[in-house]
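J.:
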Amino acid sequence: MKVDNIVAEVGANGFSWVPNVFSQKEINQIKQNLSSYVDAKHDGMVYESDQKTIRGIHGLHLFDEFFADLCRHPALLKTAMGHLNEPCYVHQFKVNSKKSKVGKAWPWHQDFIFWQRGDGFKEQKLLNIGVLLDDVELESGPLCFIPKSHLLGELTDVEVPDGGWDQDVSEQLSYTISEKVSSNLINIYGKRYITGNAGDIIVFDPQVVHSSQPNTSLNDRQLLLITYNAISNRPESRSPRPDFLCTKDIKELKLEECD
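Be aware that the sequence shown starts at 47, since it is given in the working numbering, and climbs by one per residue.
(1) Buried or exposed for Lys144, going by 16 or more other Cβ atoms inside 10 Å?
(2) Rounded C-beta distance between Ile76 and Leu270? I'm assuming under 8 angstroms.
(3) DSSP beta-bridge partners for Val84?
(4) Quickly, what does DSSP pair Ile248 with across the bridge? List them, please.
(5) Please classify Lys150 as buried or exposed, where buried requires at least 16 neighbouring CB atoms within 10 angstroms.
(6) Should Asp180 go down as buried or exposed, given a rule of 16 or more other Cβ atoms within 10 Å for buried?
(7) Considering Ile277, what are the terminal residues of the beta strand (DSSP E) in which it resides?
(8) Measuring alpha carbon to alpha carbon, tell me which of Phe191, Asn131, Leu108, Ser195 ends up nearest Ser278.
(9) Locate the alpha helix (DSSP H) running through Ile159, then write down its first and last residues.
(10) Quick one: give me the first and last residue of the alpha helix (DSSP H) that Ile232 is part of.
(11) In the DSSP assignment, find the alpha helix (DSSP H) that holds His129 and state where it starts and stops.
(12) Check Ser195 in the structure and name its three-state DSSP category.
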């Protein structure tokens with residue numbers, strides 16, 4: 047895995063898929079710790095509209111040393127620092143979960159507007175890195191990207207006013223891109239579904255337009271996502287959103303701390 051190649055691909059297309067970064071043993075360890083974390087019922091767990099199916103688990107690095115250490119994994123942190131070109135910290139850590147036959151969709155959207163409006167960021171010096179915790183096929187509801195859409199600026203044209211932070215993580219997001227706009231983009235740029243195996247990673251720009259469909263498969267689909275932010279890009283104001291959506295205790299991650 048060459049960081050320069052990943053950085054170049056993210057710059058050109060908005061995303062880069064890298065296979066076989068984590069071993070099955072490492073993935074099993076992550077999933078075991080995740081299961082224990084869920085059983086402990088920390089803050090930051092959100093549910094589908096049925097109020098019983100987990101949709102997302104947020105802020106794991108704040109409450110659990112295992113997940114805090116995972117943020118410093120060399121494959122992840124070196125990629126983030128290579129892309130951002132400076133030291134960084136974790137803005138968000140989450141696991142998006144799609145239960146078999148139950149997990150719902152995420153509509154077309156860009157990420158930065160949530161952090162700009164909700165947390166006070168001025169610059170787009172952030173990077174998302176996702177780790178596939180399960181094998182993903184088309185029926186699993188994989189991430190879907192519109193290539194090169196990160197180069198087009200802000201495209202959001204649908205807003206839900208005064209929805210609160212929970213709207214930001216629901217099936218009906220606070221800021222989305224309409225079917226008309228997304229269809230036009232797909233006609234021009236196409237779209238790419240990120241299918242693959244547990245242990246693959248997906249690196250993507252916060253401005254690339256993306257979505258995912260419901261999980262209609264027989265298997266659960268979990269995606270671990272870490273958003274790294276440049277240390278120079280601290281929010282200008284204190285975010286009213288909870289810490290599990292916007293890290294307030296900003297700590298620079300050191301490569302020499304990696305195991």
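Quick reminder that beta carbons are idealized off the backbone N, C-alpha and C, glycines included. Source: prediction; values computed, not measured.
T.: On the basis of the supplied data:
(1) buried
(2) 7 angstroms
(3) In DSSP, Val84 forms no bridge with anything.
(4) Trp63, Gly176
(5) buried
(6) buried
(7) Where Ile277 is concerned, there is no enclosing beta strand (DSSP E), given that its DSSP letter is neither H nor E.
(8) Asn131
(9) 158 to 165
(10) 225 to 235
(11) 120 to 130
(12) helix
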